Amino acid sequence: MDRRNDVAVIGLGVMGANLARNFASRGLKVAGYNRTFETAQKLAADHPEAKLDVARTLKELVERLERPRRIVVLVNAGKPVDAVMDELDPLLEAGDMIIDAGNSLYTDTDRRSERSKSRPWKFVGMGVSGGSEGALKGPSLMPGGPVESWQHLKPVLEPIAARSSKGLCVTHCGLGSAGHFVKMVHNGIEYGDMQLIAETAMLMRQGMGLEGAKVADTFASWNTGDLSSFLIEITAEIFRVKDPKSGGLLVDAVLDKAGQKGTGKWTVIAASELGIAIPTITTAVDARILSSQKDTRVRAEAAHKPARGTLSGVTVEDLSHALYASKIASYTQGFQLLRAASTAFSYGTKMSEVARIWTAGCIIRAAFLERIESAFAATPEPELLALAPEFVADLAKRLPSWRKVVSSATQAGLAIPGLATSLAWYDSLTTARGSANVIQAQRDFFGSHTYERVDAPGTFVHSEWKP
């Protein structure tokens with residue numbers, strides 16, 4: 366075949382197939398490869414409008430690409446990515462580019478980038494968010510790597526990206542592994558969002574006794590205001606779906622064991638290594654782990670027989686305020702982690718740009734991300750999102766309801782780890798003098814670890830604490 370393609374996609378599963386079709390829908394000539402050739406053939410046959418050029422071998426795929434070549438890899442993270450790179454390595458020439466668009470750990474991206482330095486070809490790690498529908502209709506794209514690589518990728522990435530009132534949802538996220546780090550934090554924030562929404566829905570059902578239709582209507586109403594987001598929107602839809610087997614709500618037939626693929630855990634580990642507290646996200650990861658221990662939880666409830674009650678003095682509006690305030694806490698933590706990583710790893714990531722490309726296409730897309738973008742675009746840029754003037758005002762407005770919800774749920778014995786941890790983070794953040802002086806005294810007592818005095822910060826001293 367005498368055809369030169371603009372871009373290639375390796376790995377034609379759901380995400381890869383839809384991304385290939387997205388490229389084609391924008392007028393690009395697309396080559397495709399899948400380890401099982403029949404899968405690639407079927408994709409091309411099922412979507413003739415895409416005019417996909419599927420290849421039997423990687424050699425054929427590479428030979429039919431315009432130079433310098435742009436090859437997007439969408440296979441499982443880890444060893445499969447390395448295996449594809451090993452096969453491509455001898456086939457590529459100067460300026461060719463491998464783009465890992467899977468959910469790779471950022472340290473793997475660093476390792477692969479280092480490998481590419483001794484090769485004629487280049488390597489880019491790129492986060493992609495939006496699920497299968499986003500991949501087809503317009504995802505949020507988070508490429509990192511060298512600036513010159515971004516310039517070569519723009520002609521094929523900008524046409525397929527999601528669009529919002531803030532522009533195209535794609536930007537250069539920074540040098541090195543910045544793209545995958547940004548996507549990792551996106552997923553960490555996503556964990557927090559989902560946990561907070563799930564707890565709020567539970568409080569409506571168990572704490573207030575609301576029927577599914579009322580819960581659905583409430584979330585749908587919230588989706589027209591400050592809480593407007595993709596996750597709020599789909600939660601409203603979830604509470605309208607009937608179970609064809611029982612006739613009740615389908616969500617009530619779903620076993621309460623949450624899965625995870627690792628990006629939340631990676632976010633927690635990275636935050637710990639960088640010395641950034643992200644308790645809302647950490648709690649969301651912990652909650653999923655605890656949810657998986659279903660049998661243990663059943664035995665524990667039977668053994669302890671904890672009293673359960675209902676919410677007292679709490680309104681639906683209070684719930685909306687608590688949820689919104691907790692979201693500000695989660696996003697503050699996520700962006701603080703992004704900034705710390707950008708400094709530590711010399712990414713050069715712009716916080717306002719990250720917020721901008723998350724306004725559409727991605728899973729955490731939400732109306733208030735436009736306000737986050739504006740906050741970080743201000744001069745000077747706020748130290749923390751929660752210290753930006755408008756978010757200081759937002760939190761002050763919602764704090765009474767936030768406290769009321771957490772207090773009432775705790776009294777009722779209803780598990781709200783995300784909402785409660787977020788409030789505890791806020792209280793810790795806004796406490797100028799906390800309890801760590803006692804910890805430092807303990808450390809110096811048993812291990813002579815020294816401490817700083819209030820009247821002489823920066824000078825470390827040791828005291829004899831025993832009489």
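Residues 366 to 832 in our numbering are what the sequence shown spells out, letter by letter. Cβ atoms here follow ideal geometry from the backbone N, Cα and C, with glycine treated the same way. Please read these numbers as outputs of a predicted model, since none were measured by experiment.
1) Give the range of the beta strand (DSSP E) segment to which V489 is assigned.
2) Look at T474 and H545 and say whether their C-beta atoms are less than 7 Å apart.
3) For F402, which residues from the same chain have a beta carbon less than 8 Å from its beta carbon, with the 5 sequence-adjacent residues on both sides left out?
4) Find the nearest neighbour of L734 within the set E746, P745 and L750, judged by alpha-carbon distance.
5) Does the beta-carbon distance from V681 to T583 come in below 7 Å?
6) Tell me, please, whether the segment 461 to 478 touches the segment 506 to 525 by the rule of three or more beta-carbon pairs shorter than 8 Å.
7) Closest to A385 by CA distance: which of T536, R368 and V521 is it?
8) Going along the chain, which residues of its own chain have a beta-carbon closer than 7 Å to the beta-carbon of N399, five neighbours each way excluded?
9) Let's test the definition: count the other Cβ atoms within 10 Å of the Cβ of V619 and tell me whether it reaches 16, buried, or not, exposed.
10) Expressed to the nearest angstrom, what Euclidean distance is found between the alpha-carbon atoms of T645 and G557?
11) By the DSSP assignment, the beta strand (DSSP E) with A751 in it spans what residues?
12) For V535, which residues does DSSP report across the bridge?
13) May I have the straight-line CA-CA distance separating A705 from R528, to the nearest angstrom?
14) Got a sec, what are the start and stop residues for the beta strand (DSSP E) T401 sits in?
15) Residues in its own chain within less than 6 Å of Y816 by CB, not counting five upstream and five downstream?
16) Among the candidates A725, E718 and K762, whose CA atom is the shortest distance from the CA of F741?
17) Whole alpha helix (DSSP H) runs in the segment 572 to 640 with 4 or more residues, listed along the chain?
18) Just list the residues that DSSP pairs V512 with in beta bridges.
19) What did DSSP end up calling E755 once you bin it into helix, strand or coil?
20) For V489, is the classification buried or exposed, using 16 other Cβ atoms within 10 angstroms of its Cβ as the cut-off for buried?
21) Could you tell me how far apart the beta carbons of G503 and G726 are, in whole angstroms, since I believe they sit closer than 8 Å?
22) For D465, report the span of its beta strand (DSSP E) as first-last.
23) Measure the CB-CB distance between T647 and M549 and report whether it falls below 7 Å.
In this structure, then:
1) Start at 1 with the first residue of the sequence shown, and residue 489 comes out as number 124. V489 -> beta strand (DSSP E) spans K487 to S494.
2) Locating residue 474 in the sequence shown gives position 109, counting from the first residue. Locating residue 545 in the sequence shown gives position 180, counting from the first residue. In this structure, H545 lies closer than 7 Å to T474 by Cβ.
3) Counted from its first residue, the sequence shown places residue 402 at position 37. Excluding positions up to five away in sequence, the list reads V419 and R421.
4) As a position in the sequence shown, residue 734 is number 369, starting the count at 1. Measuring from the Cα of L734, the nearest candidate turns out to be L750.
5) On the sequence shown, residue 681 is found 316 positions in, with the first residue counted as 1. On the sequence shown, residue 583 is found 218 positions in, with the first residue counted as 1. Yes, the Cβ-Cβ distance between V681 and T583 is below 7 Å.
6) yes
7) As a position in the sequence shown, residue 385 is number 20, starting the count at 1. For the residues T536, R368 and V521, the minimum Cα distance to A385 belongs to V521.
8) As a first step, residue 399 is located in the sequence shown; it is residue number 34 there, counting from the start. The residues are G376, L377 and A405.
9) By 1-based counting over the sequence shown, the position of residue 619 is 254. Exposed is the call here.
10) Counting from one through the sequence shown, the residue named residue 645 turns up at place 280. Counting from one through the sequence shown, the residue named residue 557 turns up at place 192. Each residue's alpha carbon lies about 6 Å from the other.
11) As a first step, residue 751 must be located in the sequence shown, where it is residue number 386. First-last for A751: undefined, no H or E at that position.
12) As a first step, residue 535 is located in the sequence shown; it is residue number 170 there, counting from the start. Paired residues: L506.
13) What you label residue 705 is simply residue 340 of the sequence shown in a count that begins at 1. What you label residue 528 is simply residue 163 of the sequence shown in a count that begins at 1. Distance between the alpha carbons of A705 and R528 is about 28 Å.
14) By one-based count along the sequence shown, residue 401 stands at place 36. Where T401 is concerned, there is no enclosing beta strand (DSSP E), given that its DSSP letter is neither H nor E.
15) Locating residue 816 in the sequence shown gives position 451, counting from the first residue. Taken in chain order, the residues that qualify are Q805 and D809.
16) In the sequence shown, residue 741 corresponds to position 376, counting from 1. Residue E718 is the option with its Cα nearest to F741.
17) Counting whole runs of 4 or more residues, the segment 572 to 640 contains the alpha helix (DSSP H) stretches 577 to 587, 595 to 603 and 628 to 639.
18) What you label residue 512 is simply residue 147 of the sequence shown in a count that begins at 1. DSSP lists no partner for V512.
19) One-based indexing of the sequence shown puts residue 755 at position 390. In this structure, E755 counts as helix in the three-state DSSP scheme.
20) Here residue 489 is taken as the residue at index 124 of the sequence shown, counted from 1. Looking at its Cβ environment, which holds 16 or more other Cβ atoms inside 10 Å, V489 is buried.
21) To locate residue 503, count along the sequence shown from 1; it is residue 138. To locate residue 726, count along the sequence shown from 1; it is residue 361. That belief holds up - the Cβ atoms of G503 and G726 are roughly 5 Å apart, short of 8 Å.
22) As a first step, residue 465 must be located in the sequence shown, where it is residue number 100. Note, D465: beta strand (DSSP E), M462 to D465.
23) In the sequence shown, the residue the question calls residue 647 occupies position 282. In the sequence shown, the residue the question calls residue 549 occupies position 184. Contact flag unset, no.
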